[in-house]
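For reference, the structure is listed below as structure tokens.
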């Protein structure tokens, strides 16, 4: 910071050297009875503001210039969001054809680097996996996964590492999935019976997509929560309806959709409160409905576990999660919110391949061959 020296006479001029200083000091000579006392203070304030601006400008000029990947020129405020359509993955794929396998986009306030080739995927997901493991904060993680309590949106750290270990060694291990083979077998046999009764036995056309959706969800809910939820209403002990089969299917579809949308508030945080697309309102509604349902599921499993005592046998993934929740040896305690979040994400993870299979099976013959 530079310095200046002034004499006691009001007519003296200010001499300040700026050649080696980014700070400017402004001095205003005082004339008795002609200038208010506030004016020197205002001048000093303006001097500080100007000095700050010049300092920041000098710092920004000296910042390291990065060799950034190619990409479209961003617009003010929105960046490149105007180039992203209703199907973001297709929009980004189209841009990658123009700018190459490694490109930079600007999503509102945040720069985004996109890799869209096998080599880039290996670079980010294998070679430098730990560097890029963390996840951004999103509305979906906040509202649909109990404030980032599952493995999908939780930030990298002790909790995420523990969650990953739980998924690999217990929830989705080969041994665990093999133990559910009887469920898949029973549901496939039930599907064949439904197809026959639905008209296939009489030579009538059957809409296979509806049957596939039902059998997929039946398998998933039995593996995760121990029973099917598409056959009748779920009621509490007082007889009040918690969810209907139609509502349950809607919740699964809505959970899948809202975890894949591009919410403007995530990219432009100061617009988040406006909820321009209405996604946050939908997330909050879904969260309340799912929480009521999952509270009932966890209560049922906890009651069975307490009733059976030492003879308790694990039957589904919720039972496994409750065992983790009671394990004092965990590095990070798994609380009730975590149990519900993992129950929810287990359905989501297992629903993805089922959804892909439904898209592939366009004829009954292909489906029967795959069985």
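Residue numbers (my numbering): 947 to 1317.
Glycine included, every Cβ here is placed at the ideal spot set by N, Cα and C.
Excluding residues up to 5 positions away in sequence, 1089 lie with their Cβ nearer than 7 Å to the Cβ of residue 1230 in the same chain. For residue 1259, no pairing in a beta bridge is given by DSSP. In terms of Cβ geometry, residue 1165 and residue 1130 form a close pair [threshold 8 Å]. Between residue 996 and residue 1018, the CB-CB gap reaches or exceeds 8 Å. In its chain, beyond the 5 residues on either side, 1086, 1090, 1225, 1228, 1229 and 1232 have a beta carbon closer than 8 Å to the beta carbon of residue 1204. C-alpha of residue 1134 to C-alpha of residue 1174: approximately 14 Å in a straight line. Assigned with DSSP and collapsed to three states, residue 1099 falls in coil, not helix or strand. DSSP places residue 1057 in the uninterrupted beta strand (DSSP E) bounded by 1056–1061.
In this structure, 1188 is the residue among 1020, 1188, 1056 and 1075 with its C-alpha nearest to the C-alpha of residue 1239. Measuring C-alpha to C-alpha distances from residue 1027 to each of 1254, 1043, 1260 and 1207 identifies 1207 as the nearest. Sequence-distant partners of residue 1177 (beyond 5 residues in either direction) whose C-beta falls short of 7 Å from its own C-beta, in its chain, are 1191. With a cutoff of 8 Å on beta-carbon distance, residue 1116 and residue 1266 are scored as near each other. The DSSP-derived three-state label of residue 1226 is helix. Per the coordinates, the alpha-carbon of residue 1013 lies some 12 Å from the alpha-carbon of residue 1049. In this structure, DSSP gives residue 1189 an extended state, which the three-state scheme calls strand. With 16 or more neighbouring CB atoms inside 10 Å of its own CB, residue 1051 falls in the buried class.
With a beta-carbon spacing of about 7 Å, residue 1213 and residue 1055 fall inside the 8 Å limit used to define contacts. No Cβ-Cβ contact shorter than 8 Å links residue 1060 with residue 1024.
Note that the stretch 1092–1109 touches the stretch 1270–1286; at least 3 beta-carbon pairs, one per stretch, sit closer than 8 Å. Going by DSSP, residue 1280 is part of no alpha helix (DSSP H) at all; its letter is neither H nor E.
Partner residues in a beta bridge of residue 1197, as assigned by DSSP, do not exist. Listed as beta-bridge partners of residue 1050 by DSSP are 1059. By the neighbour-count criterion, in which 16 or more other beta carbons inside 10 Å mark a residue as buried, residue 1286 falls on the buried side. Excluding sequence positions up to five before and after residue 1070, its CB lies within less than 7 Å of the CB of 1061 and 1078, all in the same chain and listed in chain order. It is roughly 30 Å from the alpha-carbon of residue 1296 to the alpha-carbon of residue 1256.
Buried is the label assigned to residue 1209, since at least 16 other Cβ atoms lie within 10 Å of its Cβ.
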